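Residue numbers (this note's numbering): 1071 to 1240. We treat Cβ as the ideally placed atom computed from N, Cα and C, and that holds for glycine. Note that this is a predicted model, so its numbers are computed, not measured.
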């Protein structure tokens, strides 16, 4: 009897500000963060990607992300933890999340630890992807494994921006 090859599927939840290590992101930072993520983690054609950003960063982050990959963009929220809360809601409201082989959180924030621990307890492989200085101990312990991305300021494209004009100044 013919049995088709099993397709492994991964669900990626990306906190763009966390991956950029910045409260206010630039196009260059988003490109670098996504390139780092894609080169170290990989995104297959069968994977689903969900990205969150706050209202300040959403225009730049979402436009840049859409040029680079296919993703579901969550409605931006206001406030310091807006992207975290939007992603947490998306994680908790994803139907049949256990139908995925792997769930990855592209963030190091501890707020995701309980949700990822719950998913891991259901038999789904869980991974945290974060910058070396941003991976919380709680999240690292709640997931099966972690992938550490290099610090963005070590790249040739690190920038400083004026928070008022959002223009790169260095």
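Around the Cβ of residue i, are there at least 16 other Cβ atoms within 10 angstroms (buried) or fewer (exposed)?
i	result
residue 1201	buried
residue 1087	buried
residue 1105	exposed
residue 1168	exposed
residue 1091	buried
residue 1115	exposed
In angstroms, rounded to a whole number, what distance separates the CA positions of residue i and residue j?
i	j	result
residue 1084	residue 1206	16 angstroms
residue 1129	residue 1094	11 angstroms
residue 1170	residue 1096	32 angstroms
residue 1140	residue 1220	24 angstroms
residue 1181	residue 1209	8 angstroms
residue 1126	residue 1144	14 angstroms
residue 1195	residue 1148	31 angstroms
residue 1100	residue 1177	14 angstroms
residue 1146	residue 1218	26 angstroms
residue 1163	residue 1133	25 angstroms
residue 1190	residue 1183	10 angstroms
residue 1137	residue 1109	16 angstroms
Can the beta-carbon of residue i be found less than 8 angstroms from the beta-carbon of residue j?
i	j	result
residue 1122	residue 1157	yes
residue 1098	residue 1172	no
residue 1216	residue 1198	yes
residue 1120	residue 1174	no
residue 1118	residue 1103	no
residue 1187	residue 1161	no
Mind checking who residue i pairs with in its DSSP beta bridge?
i	result
residue 1127	In DSSP, residue 1127 forms no bridge with anything.
residue 1142	1120
residue 1085	1122
residue 1147	1124
residue 1080	1172
Contiguous alpha helix (DSSP H) assignments of at least 4 residues, all confined to the stretch 1154-1222
1183-1191 and 1207-1212
query = What are the complete alpha helix (DSSP H) segments, minimum 4 residues, inside the stretch 1094-1119?
reply = 1097-1110
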